[in-house]
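What follows is one structure encoded as structure tokens, with my remarks underneath.
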Amino acid sequence: MARGSAKSYLQPGHPASLDHVTSQDATDKRGAAPRSVVLDHGLSDPSVTPGSFHSAHRLRILAPLGLLAFGVAGCGPGAPPFDATVPLTDGVFVGESAPDEQGAYGRSTVTVSDGRISASRYVTVQANGSIKAEDYGKDSSGQVANRSAYRAAQKAVAAFDVYARELIEAGVPADVDKVSGATIAYGQFLEAATAALVASQQGQPSVD
Amino acid sequence: MIDRGPPSAAFTLVNCSFPAMGTLAEVTAKFPVGPTGIANPADIAGPADTANAADPTSSTGIAVPPVPSAGQLGAALRALAEDIEQQLSRFRSDSDAARLGRAAGKPVAVGQHTAAVVARAISLREVTDGLFDPAPTIRYQRVPTGGSLAPIASSQTDGAGQHPAGRELQVMADGLVRLAPPGEPDFGAIGKGYAADLVLRACRDLGAVAALVAFGVSSISCWAAQGQPAWRIGVRSPGSEPNVALGVLSLRSGAVATSSNDEQPGHLRDPRTGQPVDESLVQATVLAPDGMTADAVSTALMVGGLALAVRLSERLPQVQTILVTPGAVLASPSLNDIFQVRQRQAHQPVTR
Numbered sequence: 001m002a003r004g005s006a007k008s009y010l011q012p013g014h015p016a017s018l019d020h021v022t023s024q025d026a027t028d029k030r031g032a033a034p035r036s037v038v039l040d041h042g043l044s045d046p047s048v049t050p051g052s053f054h055s056a057h058r059l060r061i062l063a064p065l066g067l068l069a070f071g072v073a074g075c076g077p078g079a080p081p082f083d084a085t086v087p088l089t090d091g092v093f094v095g096e097s098a099p100d101e102q103g104a105y106g107r108s109t110v111t112v113s114d115g116r117i118s119a120s121r122y123v124t125v126q127a128n129g130s131i132k133a134e135d136y137g138k139d140s141s142g143q144v145a146n147r148s149a150y151r152a153a154q155k156a157v158a159a160f161d162v163y164a165r166e167l168i169e170a171g172v173p174a175d176v177d178k179v180s181g182a183t184i185a186y187g188q189f190l191e192a193a194t195a196a197l198v199a200s201q202q203g204q205p206s207v208d
Numbered sequence: 209m210i211d212r213g214p215p216s217a218a219f220t221l222v223n224c225s226f227p228a229m230g231t232l233a234e235v236t237a238k239f240p241v242g243p244t245g246i247a248n249p250a251d252i253a254g255p256a257d258t259a260n261a262a263d264p265t266s267s268t269g270i271a272v273p274p275v276p277s278a279g280q281l282g283a284a285l286r287a288l289a290e291d292i293e294q295q296l297s298r299f300r301s302d303s304d305a306a307r308l309g310r311a312a313g314k315p316v317a318v319g320q321h322t323a324a325v326v327a328r329a330i331s332l333r334e335v336t337d338g339l340f341d342p343a344p345t346i347r348y349q350r351v352p353t354g355g356s357l358a359p360i361a362s363s364q365t366d367g368a369g370q371h372p373a374g375r376e377l378q379v380m381a382d383g384l385v386r387l388a389p390p391g392e393p394d395f396g397a398i399g400k401g402y403a404a405d406l407v408l409r410a411c412r413d414l415g416a417v418a419a420l421v422a423f424g425v426s427s428i429s430c431w432a433a434q435g436q437p438a439w440r441i442g443v444r445s446p447g448s449e450p451n452v453a454l455g456v457l458s459l460r461s462g463a464v465a466t467s468s469n470d471e472q473p474g475h476l477r478d479p480r481t482g483q484p485v486d487e488s489l490v491q492a493t494v495l496a497p498d499g500m501t502a503d504a505v506s507t508a509l510m511v512g513g514l515a516l517a518v519r520l521s522e523r524l525p526q527v528q529t530i531l532v533t534p535g536a537v538l539a540s541p542s543l544n545d546i547f548q549v550r551q552r553q554a555h556q557p558v559t560r
């Protein structure tokens with residue numbers, strides 16, 4: 001599990017705490033300067049940058065006992081509920097979400113090294129097997145038939161990398177308990193990432 | 209996780225989530241611990257302890273330690289959600305919903321959950337002028353290319369091109385339920401709200417002093433006992449991906465549901481005509497005493513827009529709304545004390 005100064009963001013007065021919630025500059029729809037705490041998980045990837053404001057849907061991995069743990073259960077019928085105190089095993093693990101109305105589902109690939117998430121990738125797979133990318137939101141002939149729909153679709157695709165990076169960072173704080181109206185895309189990410197972590201706990205790597 | 213101060217020896221938060229009703233259900237429950245300090249869930253006897261028989265006052269009927277582990281809590285609540293889904297899901301061939309569809313108008317004996325949802329759905333359909341409808345006359349089929357929905361042609365119109373307001377759905381004197389053909393009812397719009405409320409009640413039965421339950425991305429129910437801090441629920445800013453909150457609700461009890469058109473433009477349809485709704489509203493967030501009302505009203509508002517919102521403010525005074533139009537955010541006046549707007553420059557709150 002990730003280790004580090006996770007205790008710091010639980011202290012009152014920390015920039016991530018409730019006391020420091022302020023109105024955001026509305027000219028930046030993604031919110032003010034990102035408020036996040038990167039745990040000392042040994043990951044030295046300078047390309048990983050703190051994400052923008054997020055809801056409490058976010059997964060977080062906490063190692064030190066006594067801290068509040070966000071435990072999520074494994075997905076799938078019959079899957080046992082997930083216990084956050086069970087450590088992760090090393091390897092590469094894949095989890096998938098349930099499909100949405102169009103048959104698309106999320107797939108999360110998580111790499112665990114020394115008990116910590118060291119890499120994460122998230123994609124949404126469409127019903128025909130293709131991955132949502134620059135063509136997502138176009139019609140069957142490859143044209144942009146509905147511009148607003150295409151923009152919404154591409155926005156979701158752009159968010160996937162952010163979600164994947166946040167899973168690595170773990171501990172990115174939220175100043176709300178839940179977001180009403182969170183997107184289906186984010187819900188699928190959560191479900192897929194949960195399944196991948198359950199697989200890690202159960203020692204069931206997808207790639208040896 | 210929201211910072212509620214340093215970890216307390218008097219309470220512990222238990223988080224769990226589990227697949228339920230075609231989505232992920234997430235629960236956060238706060239339990240008081242004994243005078244000896246924070247209890248170690250691993251040391252507490254589990255459900256297998258026969259001496260700790262099921263508490264008859266518990267809605268789950270399952271014995272759970274005073275401070276359950278995430279696994280124990282998840283298992284108990286998942287069983288309850290499974291029971292609800294078994295009756296309501298139209299995707300299960302043995303569910304009440306499926307049997308109502310196959311009965312083709314004949315009365316059907318249903319379980320307690322179905323009975324409760326049907327009764328509420330009938331009243332919600334009426335109060336929303338049919339804009340929420342669990343059994344619309346128009347059914348939909350998936351268009352082969354593109355995966356979008358299209359209404360199945362029907363010869364039943366009222367001459368003005370609109371179809372009669374829904375198929376007849378009634379609870380009969382003997383408790384049986386009858387649905388006019390064709391097809392099964394769709395309780396998906398309010399089923400999650402109903403489940404969230406019951407799961408919340410189960411948390412309280414298990415001794416929680418505060419609980420927050422979310423089914424998927426739309427149905428949230430919460431409660432906090434006297435002396436406990438209110439839950440903070442963000443309202444997503446439409447079009448934001450990754451998600452950003454345009455404001456935050458501080459809520460001690462109630463249900464919140466949000467419907468929007470921005471993630472899947474054109475997917476919301478008027479149940480009376482089968483046509484995509486006009487986009488007078490970008491997003492509707494509803495705060496109500498119960499989950500079914502919040503779910504149904506948020507869905508109906510995206511179809512009926514501001515005109516429906518005004519009518520509902522008189523018919524359902526206990527319901528409060530936050531409406532996002534292309535140019536403004538409109539909030540019920542009674543939300544002034546509990547709704548903190550974040551994006552002040554782009555959207556000035558306007559009370560009605």
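From first to last, the protein sequence lines are chains B and W. Numbers 1 to 208, taken from our numbering, label the letters of the first sequence in order. Numbers 209 to 560, taken from our numbering, label the letters of the second sequence in order. Backbone N, C-alpha and C fix where the C-beta goes; we use that ideal spot for every residue, glycine too.
- Following the DSSP letters along the chain, one finds F93 (chain B) inside the beta strand (DSSP E) bounded by residues G91 to E96.
- CA-CA distance, P342 (chain W) to V505 (chain W), rounds to 13 Å.
- Within the region 395-432 of chain W, the complete beta strand (DSSP E) segments at least 3 residues long are 418-423 and 427-432, listed from N- to C-terminus.
- Of all residues in the region 476-508 of chain W, only Q491 and T493 place a beta-carbon less than 7 Å from a beta-carbon of chain B.
- With a cutoff of 8 Å on beta-carbon distance, G181 (chain B) and T481 (chain W) are scored as not near each other.
- By the C-beta density criterion, E334 (chain W) is exposed, having fewer than 16 other C-beta atoms within 10 angstroms.
- Per DSSP, the unbroken alpha helix (DSSP H) holding E290 (chain W) starts and ends at A278 to L296.
- Burial check for V456 (chain W): the Cβ neighbour count within 10 Å reaches 16 or more, so the residue is buried.
- Look at the beta carbons and you see the region 217-225 of chain W not touching the region 93-108 of chain B: under three pairs across the two are nearer than 8 Å.
- Taking the C-beta atoms as reference points, K400 (chain W) is found nearer than 8 Å to G424 (chain W).
- Taking the beta carbon of W439 (chain W) as reference, the chain B residues within 7 Å of it are D177, listed in sequence order.
- Looking only at W:P479, W:M500, W:T501 and W:L514, the smallest Cα-Cα distance to Q491 (chain W) is reached by W:L514.
- Listed in chain order, the alpha helix (DSSP H) runs fully inside the region 483-535 of chain W are 499-523, counting runs of at least 4 residues.
- In the three-state reduction of the DSSP assignment, Q188 (chain B) falls in the helix class.
- Any Cβ of chain W closer than 8 Å to the Cβ of L190 (chain B) would place that residue at the interface, and such an atom is present.
- Within chain W, the residues whose beta carbon sits less than 9 Å from that of A98 (chain B) are P227, G230, T231 and L232, listed in sequence order.
- For a Cβ distance threshold of 7 Å, nothing in chain W lies close to A133 (chain B): the least Cβ distance comes to about 15 Å.
- CA-to-CA, the gap between V485 (chain W) and L538 (chain W) works out to about 20 Å.
- For L420 (chain W), the residues of chain B that pass the 8 Å Cβ criterion are D177 and K178, in the order they occur in the chain.
- Separation of V198 (chain B) and V518 (chain W) (C-alpha to C-alpha, rounded to the nearest whole angstrom) is 47 Å.
- In the structure shown, the three-state DSSP call for L457 (chain W) is strand.
- Three or more Cβ pairs drawn from the region 458-468 of chain W and the region 426-434 of chain W lie within less than 8 Å of each other, which places the two stretches in contact.
- Taking C-beta atoms under 8 Å as the contact rule, F340 (chain W) and L285 (chain W) fail to qualify, at a distance of about 27 Å.
- At a cut-off of 8 Å between beta-carbon atoms, A193 (chain B) makes no contact with chain W.
- Bridge pairing for K138 (chain B): absent [DSSP].
- Proximity of the region 380-394 of chain W to the region 403-423 of chain W falls short of the contact definition, fewer than three beta-carbon pairs being nearer than 8 Å.
- For Q378 (chain W), the pairing in a beta bridge is given by DSSP as W:R386.
- A Cβ-Cβ distance of about 17 Å is found for the pair A133 (chain B) and G103 (chain B), leaving them out of contact under the 8 Å criterion.
- In the DSSP assignment, L332 (chain W) falls within the alpha helix (DSSP H) that extends over Q320 to V335.
- Nearest in C-alpha terms to F395 (chain W), of all of W:G279, W:D478, W:L420 and W:G309, is W:G309.
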